[in-house]
Amino acid sequence: MEREQLIRTMESILGTEGVVHEREQLRSYECDGLMNYRVVPDLVVLPETAEHVQRIVRTCYEEGIPFVARGSGTGLSGGALPVESGLLIVMSRMRKILEVDIPNQRIVVEPGVINVWVSQEVADEGYYYAPDPASQVVSSIGGNLAENSGGVHCLKYGFTTNHVMGAEVVLADGSVVHIGGGKAPDAPGYELLGSFVGSEGTLGIATKITLRLSRKPESVRTLLAAFEDTEEAGGAVSGIIGGGIVPAAIEMMDALCIEAVETAVHPGFPQAGAILIVELDGPEAEVAKQFDQVIEVCEENNASEIRIAEDDAERALFWKGRKAAFAAMGRIANDYYVQDSVVPRTELGNVLKRISELGKEYEMRVANVFHAGDGNLHPLVLYDNDNPGEAEKAEELAGEIVLACLEHGGSLTGEHGIGVDKKKFMPKMFTDDDMNTMQLLRCAFDPHGLSNPGKIFPTPRLCGERPGPFHMHPIQQAGLAENF
Amino acid sequence: MDTRTENVSLEDLQKIVGEEHAREATDEDAVDGVMPQFVAEPGSVEETSELMKLANDGGLTVAPRGSGTKMGLGNPPRDLDLIVSTVRMNEIIEHVPGDQVVRVQAGVRLDDLQVQLATEDQMLAVEPPERGAGATIGGIVAANSSGPLRYRYGTIRDLIIGITVVLPDGTIAKAGGKVVKNVAGYDLGKLFTGSLGTLGIIATCNFRLHPRPEAGQTVAVELGDTLSAGQAAQAMVHAQLVASAVELHWSEDHKLLTVLIEGIPPGVEDQVETASYLLKGFGDVRTLSDEEVKYLGPLDPPRVGDEDVAIKIAHPPVELTGVLDSILGATERRGVTPRITGHAGTGITYVALSGGDEIARVQAVDELREIWVRRGGSVVVQKAPVQAKKMLEAWGPAGDYLGLTRRMKDKFDPRGILNPGRFVGGI
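Line by line, the protein sequences are chains A and B. Take 1 as the starting number for the first sequence in this note's numbering and just add one per residue. Take 1 as the starting number for the second sequence in this note's numbering and just add one per residue.
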C-alpha cells in the first residue's frame, strides 16, 4: 500500500486528527526515554478505542506493515523506538478509567492511563496501586505492562506482573483475546497473561487492563542513614534482610549521586559516602519493632547519621531526592548513560568494587543509585557528548559493567527492559536454544513478527508460516532478520 | 502392542537412563485408566533431553510425572506410551540464604525442600494440598498448585524466577535467572506454570524465598449462614490486616471463617485483636488452639472418595455468598452431599460432591459451571472417576484465547506427543 493510501485508510478509521504524517511532527516521536537511538516513523496514529486499535492492526496485518505501540514514551531501553517504514501507534488518547471495583479490589483501565492516576482514583477508599516506577507521574499503565515495570517498592510487593490480573489484547492479526482471569483467579489454560506482561510490545497491544488494588498499610515509617562508603551501607542492607525483615523499600545512593541530587532538588541530604533510604510498612506494632531493629543494624554498621521521617512531608522529601536522581545528573554532567543490571544481593559489594575499578580504568565518573534490596543497580556513566569519542567510551564502559554483573550471576535488566539497547548482550545471558525457545512464544502470538520487530532478540526467529497475505517478510525486507 | 512402541524398545530407554531406571509400566502407572507401555526415570537434564528426542522421533506419547499426586487432573489422555518420571532429579542445586533464592531440580519434594530452607529460617511460600503426599516442585509448577498462603504470597507463578525446560525435540532451554528482579527475555517460567506437561518437561526451577514467620495464630468465627460467610470474608479483605490466609470451612460439623495471622509476636497479638473485633459482628469468635489448628486452621480441599467428584470454583471474591448458595442449591435438589472449603479471600472454593448417583453429581457440576463461567469465573474438575470424566470436560470452556492456546501448543510440541488430550480444549 502506498503511503498516501495508508494515510487515507487511517484517516477513515481515526479522522484527520488521529493521524500524524507531517515530517516535522513525526520527528517528535523519533525516540523514547533512551535518546541515543532515533528512527522517524513513517506514520503516527492515535486511536481512541479498542476498535480503532483493532482496525489499525488489521490493516497492518493485511498489508504486512510492522507497527510499534507507544505509551508515554518514558522507556529507557528503546522499547518504543519506531521501525522504519512502520506505523507508530500512540496509546495516549486511550485514558479512561473504565471501572473501579473496590469489593473485588480491582480496577479496569485503558492502556494510556497514567500510573499515578490509578492510586489517586482509589486513595479515598484506602487503596492504592503498588507498582511505582520512578516515572509514575508520566508513564502509562500500558507501557508498564509491556515493560513489567518495577519501582522502589517492588522488593516487598512485586512487579507489574504480580498486579495485572487480566488484559484485553489485540494480537498482530487484528484478533482480540481476553487473557487472565480478571476478577476471578486461575483462568484455565496457559499463563498467557504472565507471558504477555514484560514482552516489550512484541506480542500485541493491550487495550483494556485489569489491575489489582492493594490496601494502604496501617503504618509507614521511613529513615535515611548516612555511611562512610557503599560497603558499610551494603553491610546494613545485608543485616536488615538477614534479620528476616522485608522492607517496603531499601534504596542506596553513592557520594556522586548525593552531590547531584543535593544540587538539583536540595533535599538536605547529609554529606556522606553513601545513603540508605529504608521504608517499612504494615501493621503498626510489627513496623514499630522492626523499625527499631533497622536503626540498630544501621548503627552496628557505623551509620554516621540516622534521620527518621517525622511526617509525610519529610518522607516525601526523602523520596523526592531519590526519585530525582536520574534527572539530577544534569547538574554534574552534560550527559549520562544508565544501565539497569541486577546482581544477587550477596554480590553487591564485589560488583560495586568492580564498577569503581572500571571507572578508574576508563577515567570516567560513575554515579550509583540503586534498589539495594533486590540488587538492581542503576550505574550512571557520566560523560560529555561535546567531547569527541566520549559517548562511545561511556557506552563501552556501561557494557563492561553489564558483563561484570552477569559474571556475578546477575541479569541484564531488572526493570527497564532489553529493547534495542541491550539486545546485543542477550547472547551473553542466554544460549541460542534459550532464545529460540522464547521466540516460539512470539511465533504463537505474532507469527509474522509485525508487532514491535527488532526488539529484545538480536536475531529474530521466523516462524515457518506459509506465505500469508504478503510474501516477503517485512523484517527480512528491512534487513533485520535472516531466515532460519 | 501399539505400533508406535514398536519403534522404541525398553532397551533403547535403558541405554539412556540405565537398566534399573526404565521398566515396563504396571497398573499403578495408568492415567485415568489409560495404560502406558514404559516408565523411565532420567537422572539428569541431559538424559531427559535424550529421552524426549527418542520419544519424539519414534512418535511416542509421553506423560511427565513427579510423585504422581495430581495425575487425576485434566481429561483422560487420548494416548500414553511413556511416563517420564522426574523422581531421580531431586537435587537442591543451590540455596543462597542471603539472596533468598533457591535453585532446585524438578523432582525435589516440596516437603524436603522446606526442611532444608527452614535451617535458615526461610521458606518457599506455597503450601499446596498434595505436599504431604510427596508433591514435587515440578508437579506443583506444572499443575499450578496452590494453598491458603496464596492470599499473602500469591501463587507459584509469583514465586518462580527461573526455569529450565526440555522440549519434545530434546532442546534444553532456560529463562529467567537467579535474581528476583529480572525482565530479560520472555518469562517462560510463567508460561510453563499450569501447562500440565503439555509444552515440555520442567527440569529445574528457581524461586524467590520468604523469611519464615516467627509466630502465628488463627482466629475463627462461627458462621450462621452463607450471607455472614461472604460478609465476614469481605471484612477481612478490606481491613488493614496483613493476614496470611482467609479460609472457609463449610461442612455439617463446622461452618467457620478462619484467618491466619503471622509475623513477629507483638504484631501478631495486635492483629489478632483487630481481626477478632472486626469478626465478632458475624458470630462467635475465638482463637484456635494449636490442636484445633490442625483440622480447623487453613485447610486443604476436602478429601475425595473414589466415587466423588471434586471441583474448584474460581470466582470474584465478593461472590462468596452466591457461590455457597449455588452449591447448596445445585446439590440439595439432586440428593448430592457437598463438602466445601475455600480460599475465601482470593475467590477459590473447593467442593467435593458425594452421594446421589453419578449423573446427579455430573449435573450438579454442569449447573455450577453454567452459573460461574457466565459470571466471569471457572469450574475445573480436580478429580473424578473416569466414567464421570467422560461426561464432564475437566476444564470447562476456554475463552476467546483458545486459538492462541492451541498455537502455543503447536509451536512447542508440533507432533503433539506430550499429554495429548489432557489439557484445555482437548490439547
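Cβ coordinates follow ideal geometry from the N, Cα and C atoms, glycine included. None of these values were measured; they are calculated from a predicted model.
Check: Any chain A beta carbon closer than 9 Å to residue 144 of chain B; Outcome: yes
Check: Classification of residue 52 of chain B by the beta-carbon crowding that lies within 10 angstroms, buried from 16 upward; Outcome: buried
Check: contact_flag[the region 343-362 of chain A, the region 92-100 of chain B] where n(CB pairs < 8 Å) is 3 or more; Outcome: yes
Check: is_contact[residue 95 of chain B, chain A] using C-beta, thresh 9 Å; Outcome: no
Check: 6 Å CB neighbourhood of residue 138 of chain A in its chain, flanking five on each side removed; Outcome: 72 and 74
Check: Meets three-Cβ-pair contact criterion under 8 Å: the region 364-373 of chain A and the region 249-258 of chain A; Outcome: yes
Check: CB contact below 9 Å: residue 217 of chain B versus chain A; Outcome: no
Check: Nonlocal neighbours in the same chain, by C-beta distance under 6 Å from residue 417 of chain A, ignoring five residues either side; Outcome: 77, 79, 147 and 200
Check: Assigned exposure category for residue 105 of chain B - 16 Cβ within 10 Å defines buried; Outcome: buried
Check: Through-space distance from residue 323 of chain A to residue 382 of chain A, alpha-carbon basis; Outcome: 18 Å
Check: C-alpha gap between residue 348 of chain B and residue 315 of chain B, whole angstroms; Outcome: 6 Å
Check: Any non-hydrogen atom of the ligand NAP closer than 8 Å to residue 363 of chain A Cβ; Outcome: Among the ligands in the structure shown, none appear at all, so the ligand NAP cannot be discussed.
Check: Residues of its chain near residue 328 of chain A, where Cβ-Cβ distance is below 6 Å and the 5 sequence neighbours each way are ignored; Outcome: 260, 261 and 264
Check: Spatial distance of residue 428 of chain A from residue 135 of chain B (CA atoms); Outcome: 35 Å
Check: Unbroken alpha helix (DSSP H) run spanning residue 204 of chain B, endpoints; Outcome: Taken as a continuous stretch (DSSP letters only), residue 204 of chain B belongs to no alpha helix (DSSP H), being part of the beta strand (DSSP E) at 201-208.
Check: Inter-residue spacing [alpha-carbon to alpha-carbon] between residue 24 of chain B and residue 394 of chain B; Outcome: 29 Å
Check: When A:106, A:111 and A:87 are compared against residue 95 of chain A, the one with the closest alpha-carbon; Outcome: A:111
Check: Beta-carbon proximity check, residue 217 of chain B vs residue 287 of chain B, cutoff 9 Å; Outcome: yes
Check: Residue 395 of chain B, DSSP secondary structure in three states; Outcome: coil
Check: Test item: CB-CB of residue 435 of chain B and residue 442 of chain A under 9 Å; Outcome: Limits of chain B in this structure are 1 at one end and 427 at the other, which puts residue 435 of chain B out of reach.
Check: Burial state of residue 127 of chain A (16 or more Cβ within 10 Å); Outcome: buried
Check: Assigned exposure category for residue 376 of chain A - 16 Cβ within 10 Å defines buried; Outcome: buried
Check: The region 335-356 of chain B: positions lying closer than 8 Å to chain A by Cβ; Outcome: 346, 347 and 348
Check: Buried/exposed call for residue 438 of chain A, threshold 16 Cβ in 10 Å; Outcome: buried
Check: Those residues which DSSP pairs with residue 122 of chain B across a bridge; Outcome: B:211
Check: Chain A within 9 Å of residue 188 of chain B, Cβ atoms only; Outcome: yes
Check: Bridge partners - residue 337 of chain A, DSSP secondary structure assignment; Outcome: A:381
Check: Three-way DSSP call (helix, strand, coil) for residue 178 of chain B in this model; Outcome: coil
Check: Contact belief for residue 244 of chain B with residue 152 of chain B at Cβ below 8 Å, rounded distance in angstroms; Outcome: 5 Å
Check: Whole-angstrom C-beta distance between residue 209 of chain A and residue 151 of chain A, which should lie under 8 Å; Outcome: About 17 Å separates the two Cβ atoms, so there is no contact after all.
Check: Nearest to residue 213 of chain A (by Cα), restricted to the options A:304, A:269 and A:107; Outcome: A:107
Check: Euclidean distance between Cα positions of residue 330 of chain A and residue 322 of chain B; Outcome: 58 Å
Check: Candidates A:374, A:336, A:394 and A:413: closest to residue 358 of chain A by CA position; Outcome: A:394
Check: Contacts around residue 281 of chain A, its chain only, beta-carbon distance under 6 Å, and the 5 residues preceding and following it disregarded; Outcome: 217, 220 and 248
Check: Neighbour list for residue 278 of chain A in chain B, Cβ cutoff strictly below 8 Å; Outcome: Simply none; closest approach about 16 Å.
Check: Closer than 9 Å to chain B by CB, residue 422 of chain A; Outcome: yes
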